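**Q** For the sequence shown, my numbering gives the first residue as 2, with consecutive numbering after it.
Glycine is no exception: its CB is placed at the ideal position from the N, C-alpha and C atoms.
Values in this document were obtained by computation on a predicted structure and should not be read as measured data.
Just passing along the structure, written as structure tokens.
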Amino acid sequence: MTSAIIEEALNRLAAAYIDLLTMAVSYTGTEKEQARSFLEIDSGVASDCAEGTPRLHAAHDACQATGQLEGQAMALELLGNVAEEQENPTLATRRYRESLFIYLAVGSTRVSTVRDRLKHLSSPQ
């Protein structure tokens, strides 16, 4: 996976996560700033897979801990993308299924995209 793809994916996840934090009125300005700092939006995010994957796991865990289901699903989907790029279809399938389960529960528009990824993985190459 190229660093540009990882950076774009992490930026999308970070933006979505910040949007979710902003919508949660119970969060203080300090907590929002900590999330921005944690995801390193201002410093350009990750430059390679070795750096990006742990950040996606951390973002997933942060979303899970705060009940941000769509952010959690997005992190799982992106981890599926990473696994697919690393030619690990078993892990990619598991991550996509986990994200699909959450997307279905929250009524996300990402359902069809993830289903397409799963279909692609299950078809003979």
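#1: Are the beta-carbon atoms belonging to VAL115 and LEU70 less than 7 angstroms from one another?
#2: Can you give the Cα-Cα distance for THR67 and SER100, rounded to whole angstroms?
#3: Excluding five sequence neighbours on each side, which residues of the same chain lie with their C-beta closer than 6 angstroms to the C-beta of TYR97?
#4: Would you list, in sequence order, the uninterrupted alpha helix (DSSP H) runs of no fewer than 4 residues that lie entirely inside the segment 84 to 122?
**A** According to the structure shown:
#1: no
#2: Near 17 angstroms, if we compare the C-alpha coordinates of SER100 and THR67.
#3: GLY81, VAL115, ARG118, LEU119
#4: The segment 84 to 122 contains these whole alpha helix (DSSP H) runs: 90 to 107.
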